[in-house]
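Let me begin by presenting the structure, written as structure tokens, before commenting on it.
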Amino acid sequence: MMRTAGEPRALAQLTAALAGGSLPRTAQQMGERVLERLTSPVRIAVLGRPEAAPAALVNALLGRKVLLESLNMPPMELRFGTGMEVEIVSGSGREQSVAQAEFERIDPLTLALARLSAPLPMLEKVSFLVVELEGETSELDSAIGWAARRADMAIWVAEVLQERERAWWRRLPEGLLDHAFLVATAQAKPMEAVGGTSFGGRFRGAHLTGPGPGWAARMDGFRSELLDHVSNARREDLEGALALLERYHEVQQTPDEALPEEAPDFSDLLDPVPSERGADGATRSGPTAEIVTFLAAQACELSALCDSPNAEAMERAAPAILELCSESIEACGEMAASVGGPVAEVLEEACNLILLMQIEATPEAMGDAVSLMTQIRHECEALLCA
């Protein structure tokens with residue numbers, strides 16, 4: 046993955062800002078996450094029915110057969126390593142390292158997961174999670190959701206473009222589709238002949254990689270577009286992090302007397318934060334009810350603050366109110382993470398959304414953040430009643 050001339054310097058600035066320890070907690074956490082993303086390979090989920098041969102597509106991208114292309118393979122993770130290594134997880138959860146030759150002899154139906162590593166240059170930039178999609182609708186939903194939570198980008202692999210493919214790929218999260226590619230591995234007709242615009246329109250790019258004359262050139266074109274998007278996405282991550290850190294720096298340098306007198310007071314809105322223990326000290330069976338109560342109170346208070354007619358006060362208050370919303374959502378997220386499940390997934394996605402709103406730091410983003418808290422509350426209420 047090529048870097049622009051200013052990227053190493055920007056990474057150094059981000060690292061130095063985080064090492065200083067003077068950033069607000071939310072900015073520090075956001076910066077640490079982005080730094081980890083920038084220094085780790087981009088995670089790409091490769092999804093498709095067995096007949097589409099998603100593992101074969103990854104091998105073609107790598108220019109070497111690393112993954113087994115047999116039917117009924119379990120999910121396979123492929124990452125960079127100093128040598129060819131294989132770790133398998135059995136259906137009972139037992140993990141063990143095996144030789145490549147032994148791995149090829151194991152019945153894939155006995156495995157839950159396989160982790161492989163190889164010393165290939167492309168794997169220093171990206172890692173792959175290959176998931177073959179089989180079974181009923183509920184099994185498809187589960188497999189797609191599991192892969193999507195472990196991915197930054199996606200490749201949807203189809204043998205040929207058919208109407209049923211639409212129903213399957215619509216299960217991908219909307220945010221992941223912005224960083225997803227559609228590949229037809231045995232498409233005979235040009236994409237336009239089967240409605241390529243409607244088939245590929247929800248993806249960042251659509252490619253035909255079927256066999257025949259020009260196959261190598263088509264694969265080179267897809268590989269190049271994929272890696273270009275990896276570079277661009279990382280650059281956007283870095284620019285967003287630096288913009289947020291710079292804004293916090295400017296806020297810290299602003300004298301207190303420069304703040305408008307009409308600026309809203311929100312200093313006590315996080316007291317108390319939700320707790321996993323009740324007044325009697327007993328651990329609650331689940332955090333959902335307490336999260337609902339907490340967010341209901343928070344959203345009510347914050348909505349009142351956002352109704353101020355003083356535009357200048359709202360402009361100055363937006364960063365701090367957005368930080369408050371972020372801290373509230375993160376506090377609930379920490380509670381939900383302890384038990385997992387749908388509530389934890391809702392709050393994990395919300396934490397990512399609120400960070401994007403903080404980067405924007407406008408009164409409009411502030412209103413969106415308050416609306417997000419209300420939406421989370423409603424989703425938690427629905428899950429509580431389920």
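To convert, take the position in the sequence shown, counting from 1, and add 45; that gives this note's numbering. A virtual CB, placed ideally from N, CA and C, is assigned to each residue, including glycine. None of the values given here were measured: they were computed from a predicted structure.
Spatially closest choice to residue i from the options, by CA coordinates
i, options, result
"G126", "I374, E169, E81", "E169"
"V202", "A231, E219, D223", "A231"
"V337", "M380, E130, R422, M129", "R422"
"T60", "L283, A365, H224", "L283"
"L185", "A212, V205, M129", "A212"
"S115", "R195, E96, V205", "E96"
"A105", "M264, S142, R215", "M264"
"V87", "E177, A199, R109", "A199"
"E210", "D223, E219, L178, M129", "L178"
"E368", "P408, E181, G138, R139", "P408"
"A406", "E394, E360, A427, P387", "E360"
"E394", "A278, G220, R216, G266", "G220"
CA-to-CA distance, residue j to residue i, given in whole angstroms
i, j, result
"S183", "E335", "30 Å"
"D197", "Q74", "18 Å"
"T333", "C425", "6 Å"
"L92", "I151", "23 Å"
"L417", "I133", "40 Å"
"T254", "G385", "39 Å"
"A157", "R124", "18 Å"
"Q58", "R139", "43 Å"
"L400", "A414", "10 Å"
Secondary structure of residue i, DSSP reduced to three states
i, result
"R488", "No statement about residue 488 is possible, as the shown extent of the chain runs from 46 to 431 and does not include it."
"E181", "coil"
"M130", "Sequence inspection shows Glu at residue 130; the Met mentioned does not correspond to that position. E130 falls in the strand class under three-state DSSP."
"S160", "Sequence inspection shows Arg at residue 160; the Ser mentioned does not correspond to that position. R160: strand per DSSP, three-state reduction."
"Q432", "This structure leaves residue 432 out entirely; the chain is present only between 46 and 431."
"H423", "helix"
"R263", "helix"
"F339", "helix"
"M118", "coil"
"V175", "strand"
"A225", "strand"
"L113", "coil"
"F148", "helix"
"R195", "coil"
"L217", "coil"
"S142", "strand"
"G108", "coil"
"G65", "helix"
"S137", "coil"
Cβ shell of residue i (< 8 Å), same chain only, five flanking positions each side left out
i, result
"E270", "F226, G250, H252"
"C396", "S371, I374, E375, G378"
"A389", "G378, A381, A382"
"A144", "V131"
Local Cβ density within 10 Å of residue i, reported as buried at 16 or more and exposed below that
i, result
"A193", "buried"
"M402", "buried"
"A363", "buried"
"P99", "buried"
"P120", "buried"
"T155", "exposed"
"A229", "buried"
"W214", "buried"
"G76", "buried"
"S85", "exposed"
"I262", "It is Ala, not Ile, that sits at residue 262 in the sequence shown. It is exposed - the Cβ of A262 has fewer than 16 other Cβ atoms within 10 Å."
Same chain only: Cβ atoms within 6 Å of residue i, ignoring 5 sequence neighbours per side
i, result
"E122", "R160, L174"
"L392", "C377, G378, A381"
"A101", "E114"
"S137", "none"
Min CB distance residue i to chain D below 9 Å
i, result
"A57", "No chain D is present in this structure, which holds just one protein chain."
Contacting residues, own chain, Cβ-Cβ under 7 Å from residue i (five flanking each side not counted)
i, result
"P218", "A193"
"P153", "S115, N117, M118, P119"
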